[in-house]
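Peer 1: Positions 1062 to 1547 (our numbering) are the ones given, in order, by the sequence shown. Just so you know, even glycine gets a beta-carbon here, dropped at the ideal spot from N, CA and C. So that we are looking at the same thing, I have put the structure below in structure tokens.
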Amino acid sequence: MGMNNRRKRLMSEFKSYLRAGYPALYVQTVEPDRAFETLGKEVLIVSGVPVCWDVISGIKEINGQRILENPDPLSALTWLTEASENTVLFLWNFHKFLNSIEVIQVIQNGMNEWKSRGKTLIVLAPQIQIPVELDRIFTVIEFNLPDREVLRFILSDVVGSSGLPMPEHVEALLDAATGLTTFEAENAFALCAIDPKPFSCSVVSAQKAQMVMKNTSLEISHATGRFDTLGGLDRLKEFALKIAGSPLARGLLLLGVPGCGKSHFAKVLGGELGIPTLSLDFGRLFGSLVGESEERVRQALSVADAMAPCILMLDEIDKGLSGANSSHQSDGGVGSRIFGTFLSWLNDHKSRVFVVATTNNIAHLPPEFLRAERWDAIFFVDLPTPEEREAILKIHAAEYGIEVDAVPDLSAWSGAEIRSLCRIAAMTKNTLSEAARYVVPLSRSMGEKLTELREWAKSRTLPASSPQKSSVSRRISAKPAEGGAN
């Protein structure tokens, strides 16, 4: 659904709530000023009287004229009770006061009278923080960030003020600015106007990245690497490039052997597509307050939506979600609620966020995470084939500036182990065979587990590498690599 259609639906729903006499609405927004201006006009359309309150100015009309100078929150609620019919009171940042027992009681006492006289209380807040006593009273509305037409108007205004000609790449600038508030967009466009290369998309994107920096559970990577820095995985690469740009795409789940390129794939996919890669750390989502963890998930996913188009990487998601099924016993159900919030977003989001989740142990994932339509495909990333090992060795030998000679037997080595081999050879000034004594392949200690993993994946996943490039048996050898440790 286009942004303009979402805005029309929001306005229609909002007016329906007012006409139906809803006494309490909770508008989630990071732009209370724009929300009041926009929704206040809709209040006038249905013959209501819009006024707003904040903790500094008290109550003001839509034209800015003060009605009540007392900024006390209880006074604002009392004023609404005594106000004329069809009054709609917008309360800025009122979530900070909703936990007060006095505020709770005034709202509970007043809601029936407000409803009978067409009055509505509207909280404007960046987060949903509704105490349980009021949870069934408030109806939540999400006020969308500015759409392309609003951003286009802001850009035109900034360009006009700068005296510069309108840039040719307007649509690209609007793409880069999507997800910003009107305030942020105006600042970003103004910064573009004074840049040595006026109206560069990269300047807007850099400002947009500030959202990620402010979110402790997200990290951003503007990858410069491309697929040529990742050896092998040709089938996975081909499939991802075919679907990642589609608005219908959901994402990929990558199961496989540790150190074989799953995480690196997610990062270079962003570089290949020319879009940022965001990494979500589930461990940082847990908070100490009731509802804080779920709100952190919503905030992180909201930032991802705003950063679209982008890649959202969920690295080793089996660790983040391993306790979801039993969290009611271990953490009061917080893990289950985090998982449910993420799953709902995964199903319903319309933004161009392409999710790449990696896991080393799929048995730890909740079953509902694997069902059809969660992912476009589930790929199995195995140890590299002989051809892939050769490609990986060339990439990392060039990276560390070493000669590819006296190559040890690298059968059953992962890509990460081959890179480690090259790095150690570069540091010690040894040949690859000599450096191999310092690397112990994971396959030696996890042979049985890797065999079980392959058996599980055989009929449930797609191979990330072409079958014709597979070795004859792909068996794990217990034989030490040439020059390896005894």
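Is S1073 buried or exposed, if buried means 16 or more other CB atoms sit within 10 Å of its CB?
Peer 2: Your numbering for residue 1073 matches position 12 in the sequence shown. Exposed is the call here.
Peer 1: Who are the near neighbours of S1387 in its chain, counting only those whose CB is closer than 7 Å to its CB and skipping five residues on each side?
Peer 2: By 1-based counting over the sequence shown, the position of residue 1387 is 326. In this predicted model, S1387 has a pLDDT of only 47, less than 50, meaning its place in the structure is not dependable; the value taken from the coordinates is given anyway. Nothing meets the Cβ criterion.
Peer 1: If we ignore side chains and look at the alpha-carbon of each, how far apart do E1174 and I1198 end up?
Peer 2: Here residue 1174 refers to the residue found at position 113 when the sequence shown is read from its first residue. Here residue 1198 refers to the residue found at position 137 when the sequence shown is read from its first residue. Their Cα atoms are separated by approximately 14 Å.
Peer 1: Quick test of your reading: L1314 and L1339, contact by CB under 8 Å. State the CB separation rounded to the nearest angstrom.
Peer 2: Position 253 of the sequence shown, counted from the start, is the residue given in the question as residue 1314. Position 278 of the sequence shown, counted from the start, is the residue given in the question as residue 1339. Actually they do not touch by this definition, with Cβ atoms about 17 Å apart.
Peer 1: Rounding to the nearest angstrom, what Cα-Cα distance links R1213 and L1138 in this structure?
Peer 2: Along the sequence shown, read from residue 1 onward, the residue named residue 1213 stands at position 152. Along the sequence shown, read from residue 1 onward, the residue named residue 1138 stands at position 77. Between R1213 and L1138, the C-alpha separation is close to 38 Å.
Peer 1: Excluding the 5 residues preceding and the 5 following G1292 in the sequence, name in chain order all residues of the same chain whose CB lies nearer than 6 Å to its CB.
Peer 2: In the sequence shown, counting from the first residue as 1, residue 1292 sits at position 231. So the qualifying residues of the chain are E1449, A1452, I1453 and I1456.
Peer 1: Under 8 Å between the Cβ atoms of H1425 and D1366?
Peer 2: If you number the sequence shown from 1, residue 1425 lands on position 364. If you number the sequence shown from 1, residue 1366 lands on position 305. No; because the gap between Cβ atoms is not below 8 Å, this pair is not in contact.
Peer 1: Output the distance between the C-alpha atoms of K1275 and Q1360, rounded to the nearest integer angstrom.
Peer 2: Translated into positions along the sequence shown, residue 1275 becomes position 214. Translated into positions along the sequence shown, residue 1360 becomes position 299. Each residue's Cα considered, the two are about 11 Å apart.
Peer 1: Rounded to whole angstroms, what is the Cα-Cα separation between R1505 and L1302?
Peer 2: Locating residue 1505 in the sequence shown gives position 444, where the first residue counts as 1. Locating residue 1302 in the sequence shown gives position 241, where the first residue counts as 1. Near 34 Å, if we compare the C-alpha coordinates of L1302 and R1505.
Peer 1: How should K1519 be labelled, buried or exposed, when 16 other C-beta atoms within 10 angstroms of its C-beta is the threshold for buried?
Peer 2: As a position in the sequence shown, residue 1519 is number 458, starting the count at 1. Around the beta-carbon of K1519, fewer than 16 other beta-carbon atoms lie within 10 Å, marking it exposed.
Peer 1: Considering Cα atoms alone, identify which of R1432, D1256, L1105 and K1180 is closest to E1143.
Peer 2: Stepping through the sequence shown from its first residue, residue 1143 is reached at position 82. It is K1180.
Peer 1: Find the nearest neighbour of P1445 within the set G1508, S1527 and A1486, judged by alpha-carbon distance.
Peer 2: The residue you call residue 1445 lines up with position 384 of the sequence shown. For the set G1508, S1527 and A1486, the Cα lying nearest the Cα of P1445 is the one of S1527.
Peer 1: Quick check on DSSP: helix, strand or coil for R1127?
Peer 2: What you label residue 1127 is simply residue 66 of the sequence shown in a count that begins at 1. Looking at R1127 - three-state DSSP - the assignment turns out to be strand.
Peer 1: My understanding is that E1092 touches T1200, with C-beta atoms under 8 Å, so please give their C-beta distance in whole angstroms.
Peer 2: Stepping through the sequence shown from its first residue, residue 1092 is reached at position 31. Stepping through the sequence shown from its first residue, residue 1200 is reached at position 139. In fact, because the Cβ distance is near 20 Å, the residues do not count as touching under 8 Å.
Peer 1: Return the chain-ordered ranges of every beta strand (DSSP E) run that is complete within the region 1250 to 1318 and spans a minimum of 3 residues.
Peer 2: 1279 to 1282 and 1312 to 1317
Peer 1: Comparing alpha-carbon positions, which option in A1254, L1129 and I1162 lies nearest P1192?
Peer 2: For the purposes of this step, residue 1192 is taken as the residue at position 131 of the sequence shown. Measuring from the Cα of P1192, the nearest candidate turns out to be I1162.
Peer 1: Roughly how many angstroms lie between the CA atoms of E1333 and A1438, to the nearest whole one?
Peer 2: For the purposes of this step, residue 1333 is identified with residue 272 of the sequence shown, where counting begins at 1. For the purposes of this step, residue 1438 is identified with residue 377 of the sequence shown, where counting begins at 1. Approximately 19 Å, taken between the alpha carbons.
Peer 1: Cα-Cα, which of A1237, R1480, M1227 and K1258 is closest to V1501?
Peer 2: Along the sequence shown, one-based indexing puts residue 1501 at 440. Answer by Cα proximity: R1480.
Peer 1: Measure the C-alpha to C-alpha separation of H1389 and N1422 and round it to an integer number of angstroms.
Peer 2: Here residue 1389 is taken as the residue at index 328 of the sequence shown, counted from 1. Here residue 1422 is taken as the residue at index 361 of the sequence shown, counted from 1. Its pLDDT being 41, under 50, H1389 is placed unreliably in this model, and the value from its coordinates should be taken loosely. Spanning the two alpha carbons is a distance of roughly 22 Å.
Peer 1: Does the Cβ-Cβ distance between Q1268 and L1279 come in under 8 Å?
Peer 2: Here the question's residue 1268 lines up with position 207 in the sequence shown. Here the question's residue 1279 lines up with position 218 in the sequence shown. Result no, Cβ atoms of Q1268 and L1279 do not sit closer than 8 Å.
Peer 1: Straight-line CA distance for G1462 to D1236?
Peer 2: Taking the sequence shown and counting its residues from 1, the one referred to as residue 1462 is at position 401. Taking the sequence shown and counting its residues from 1, the one referred to as residue 1236 is at position 175. Between G1462 and D1236, the C-alpha separation is close to 40 Å.
Peer 1: What is the rounded straight-line gap between the Cα of G1335 and the Cα of R1095?
Peer 2: Here residue 1335 refers to the residue found at position 274 when the sequence shown is read from its first residue. Here residue 1095 refers to the residue found at position 34 when the sequence shown is read from its first residue. Cα to Cα, G1335 sits roughly 32 Å from R1095.
Peer 1: In whole angstroms, what is the alpha-carbon distance linking F1485 and D1443?
Peer 2: In the sequence shown, residue 1485 corresponds to position 424, counting from 1. In the sequence shown, residue 1443 corresponds to position 382, counting from 1. As written in the sequence, residue 1485 is Ile, which differs from the Phe given in the question. Each residue's Cα considered, the two are about 24 Å apart.
Peer 1: Helix, strand or coil: which one does DSSP assign to V1116?
Peer 2: Residue mapping note: residue 1116 aligns to position 55 of the sequence shown, counting from 1. Residue state, collapsed to three classes: coil.
Peer 1: In chain order, which beta strand (DSSP E) runs of at least 3 residues are fully inside the region 1421 to 1465?
Peer 2: 1438 to 1442
Peer 1: So L1373 is in the alpha helix (DSSP H); what residue range does that whole segment cover?
Peer 2: Within the sequence shown, residue 1373 is the residue found at index 312, counting from 1. It is not in any alpha helix (DSSP H) - L1373 instead sits in the beta strand (DSSP E) that spans C1371 to L1375.
Peer 1: Tell me whether the beta-carbon of P1259 lies closer than 8 Å to the beta-carbon of S1475.
Peer 2: Translated into positions along the sequence shown, residue 1259 becomes position 198. Translated into positions along the sequence shown, residue 1475 becomes position 414. In this structure, S1475 does not lie closer than 8 Å to P1259 by Cβ.
Peer 1: Under 8 Å by Cβ, that's how I've got V1088 and V1184 pegged, so tell me the actual separation to the nearest angstrom.
Peer 2: Position 27 of the sequence shown, counted from the first residue, corresponds to residue 1088. Position 123 of the sequence shown, counted from the first residue, corresponds to residue 1184. With a Cβ gap of about 7 Å, V1088 and V1184 count as contacting.
Peer 1: Using C-beta distances below 7 Å, list every residue in its chain close to A1458, excluding the 5 sequence neighbours before and after it, in chain order.
Peer 2: The residue labelled residue 1458 in the question sits at position 397 within the sequence shown. Cβ neighbours of A1458 beyond the five flanking positions: V1465 and C1483.
Peer 1: Let's test the definition: count the other Cβ atoms within 10 Å of the Cβ of R1080 and tell me whether it reaches 16, buried, or not, exposed.
Peer 2: Here residue 1080 refers to the residue found at position 19 of the sequence shown. So R1080 counts as exposed.
Peer 1: For L1309, count neighbouring C-beta atoms within 10 Å of its own C-beta (all shown protein chains included) and say buried if the count is 16 or more, exposed if not.
Peer 2: Along the sequence shown, one-based indexing puts residue 1309 at 248. Exposed: under 16 other Cβ atoms inside 10 Å.
Peer 1: Could I get the ranges of all uninterrupted beta strand (DSSP E) runs contained in the region 1319 to 1360, with 3 residues as the minimum, in chain order?
Peer 2: The region 1319 to 1360 contains these whole beta strand (DSSP E) runs: 1338 to 1341.
Peer 1: Taking just the CA atoms, how far does V1110 sit from A1433?
Peer 2: Mapped onto the sequence shown, residue 1433 falls at position 372. Mapped onto the sequence shown, residue 1110 falls at position 49. Cα-Cα distance, rounded: 49 Å.
Peer 1: Suppose contacts are defined by Cβ-Cβ distances below 8 Å. Is G1240 in contact with M1368 by that definition?
Peer 2: Mapped onto the sequence shown, residue 1240 falls at position 179. Mapped onto the sequence shown, residue 1368 falls at position 307. In this structure, M1368 lies closer than 8 Å to G1240 by Cβ.
Peer 1: Which whole-angstrom value describes the C-beta separation of V1273 and V1364, a residue pair presumed to lie in contact below a C-beta threshold of 8 Å?
Peer 2: As a position in the sequence shown, residue 1273 is number 212, starting the count at 1. As a position in the sequence shown, residue 1364 is number 303, starting the count at 1. Yes, they are in contact, since the Cβ atoms of V1273 and V1364 sit about 6 Å apart, within 8 Å.
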